[in-house]
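Engineer: Just so we're aligned, residue 4 is where the sequence shown starts under our numbering, counting upward by one. Where a beta carbon is used, it is the ideal one built from N, C-alpha and C, also for glycine.
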Amino acid sequence: MQQESLRIFMEHYAVMKPLYLMIIYLSSGDQHNEYLSNSREKSKENFTGVNCWNGFGFEIINALVAEGLLEFSSNKNKLIMKKQAMKAAREVLNKINIDGVDRLLEQREYHEEYINYISELDIMDEEEEEE
Numbered sequence: 004m005q006q007e008s009l010r011i012f013m014e015h016y017a018v019m020k021p022l023y024l025m026i027i028y029l030s031s032g033d034q035h036n037e038y039l040s041n042s043r044e045k046s047k048e049n050f051t052g053v054n055c056w057n058g059f060g061f062e063i064i065n066a067l068v069a070e071g072l073l074e075f076s077s078n079k080n081k082l083i084m085k086k087q088a089m090k091a092a093r094e095v096l097n098k099i100n101i102d103g104v105d106r107l108l109e110q111r112e113y114h115e116e117y118i119n120y121i122s123e124l125d126i127m128d129e130e131e132e133e134e
């Protein structure tokens with residue numbers, strides 16, 4: 004059982020690693036050591052890398068919430084991805100060429116059924132939005 008859990012984690016990690024790195028890279032800012040060469044100017048000589056907060060950019064998260072793609076949990080510790088966002092994420096994952104993505108999507112194939120299901124709650128939400 005433990006080997007199976009490790010195998011599943013490694014499959015998941017192989018797909019998530021490049022995605023996390025892309026997100027962290029794109030949401031980061033340049034880091035410079037202003038004390039090197041007694042210069043406060045940003046240059047390649049004092050460039051030390053990029054940094055970002057351990058989490059997602061609040062502006063982007065707030066925009067995704069405003070767009071109705073995400074919502075915060077009641078204690079705001081977690082984000083809840085709505086059906087429309089799941090569909091968009093799966094479409095992007097189907098388009099990118101990262102080894103293991105197909106397998107990861109297969110493991111979550113049941114999400115397609117969930118995404119396409121229209122519940123009574125969905126109908127009520129749509130009616131409220133129309134008002």
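1. Starting from E123 and walking both ways along the alpha helix (DSSP H), at which residues does that stretch end?
2. By DSSP, does M84 sit in helix, in strand, or in coil?
3. Pull up the DSSP beta-bridge partners for F75, would you.
4. Using DSSP with H/G/I as helix, E/B as strand and the rest coil, what is F59?
5. Quick check on N36: does DSSP put it in helix, strand or coil?
6. Can you tell me which of N119, L73 and T51 puts its alpha carbon nearest to the alpha carbon of Q34?
7. With 16 as the cutoff for other CB atoms within 10 Å, does L9 come out buried or exposed?
8. Alpha carbon to alpha carbon, how far is K90 from E115? Give it in angstroms, no decimals.
9. Kindly indicate which three-state DSSP category N54 falls into: helix, strand or coil?
Structural biologist: Looking at the coordinates:
1. E123 to E133
2. strand
3. L82
4. coil
5. coil
6. T51
7. exposed
8. 8 Å
9. strand
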